[in-house]
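In my numbering, the protein residues as written are 1 to 122.
Report on the following structure.
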């Protein structure tokens with residue numbers, strides 16, 4: 001027998017559909033690099049995982065213009081929420097090789113700036 005309730009309470013949020021830096025709890029970040037073709041450039045892959053006390057949220061990465069190596073984790077606030085703990089992931093790929101990819105990147109969210117080591121993707 002399931003411990004889940006038969007119905008889930010909902011509410012409308014006044015700040016719904018707003019885009020802002022991610023406020024998720026328990027955020028974990030990973031950054032990976034892999035060779036781009038046979039040259040010296042590297043493709044960057046980012047990963048984030050976190051949770052909210054309600055649902056449904058949308059989170060994603062976006063490079064910060066004019067600041068190489070800096071990325072934002074953004075969220076869209078839902079208009080209507082269901083009161084159920086929900087876990088989310090976001091991923092990002094540079095898609096092309098980055099000649100200036102360093103040993104770490106900085107990810108910005110509502111909790112501040114986080115330096116993340118860039119590891120080889122094996």
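A virtual CB, placed ideally from N, CA and C, is assigned to each residue, including glycine.
Within its chain, find whatever has a CB closer than 8 angstroms to the CB of residue i; leave out the 5 residues flanking it on each side and keep chain order.
i: residue 108; result: 21, 64, 70, 71, 72, 73, 114
Which partner residues does residue i have in the DSSP bridge list?
i: residue 50; result: 88
i: residue 70; result: 106
Taking just the CA atoms, how far does residue j sit from residue i?
i: residue 26; j: residue 84; result: 16 angstroms
i: residue 81; j: residue 56; result: 6 angstroms
i: residue 111; j: residue 23; result: 7 angstroms
i: residue 31; j: residue 41; result: 16 angstroms
i: residue 118; j: residue 106; result: 10 angstroms
i: residue 104; j: residue 66; result: 17 angstroms
i: residue 54; j: residue 86; result: 6 angstroms
i: residue 120; j: residue 68; result: 19 angstroms
Under the assumption that residue i contacts residue j (Cβ atoms under 8 angstroms), give the Cβ distance between them as a whole number of angstroms.
i: residue 97; j: residue 50; result: The pair is not a contact, with the Cβ atoms about 29 angstroms apart (cut-off 8 angstroms).
i: residue 33; j: residue 101; result: 6 angstroms
i: residue 116; j: residue 36; result: No, residue 116 and residue 36 are not in contact; Cβ-Cβ is about 20 angstroms, not under 8 angstroms.
Within the same chain, show all residues whose beta-carbon is closer than 7 angstroms to that of residue i, passing over the 5 residues directly before and after it, in chain order.
i: residue 94; result: 43, 44
i: residue 90; result: 48, 59, 60, 61, 73
For residue i, count the other beta carbons within 10 Å of its own beta carbon; 16 or more makes it buried, fewer makes it exposed. Which is it?
i: residue 52; result: buried
i: residue 88; result: buried
i: residue 99; result: exposed
i: residue 1; result: The predicted position of residue 1 is uncertain, since its pLDDT is 48 and thus under 50; no value can be drawn from it.
Using a Cβ-Cβ cutoff of less than 6 angstroms, which residues in the same chain neighbour residue i once the five nearest sequence positions on both sides are dropped?
i: residue 76; result: 19, 58
i: residue 92; result: 46, 61
Could you tell me whether the Cβ of residue i comes closer than 8 angstroms to any Cβ of chain C?
i: residue 77; result: Here there is only one protein chain, and chain C is not present.
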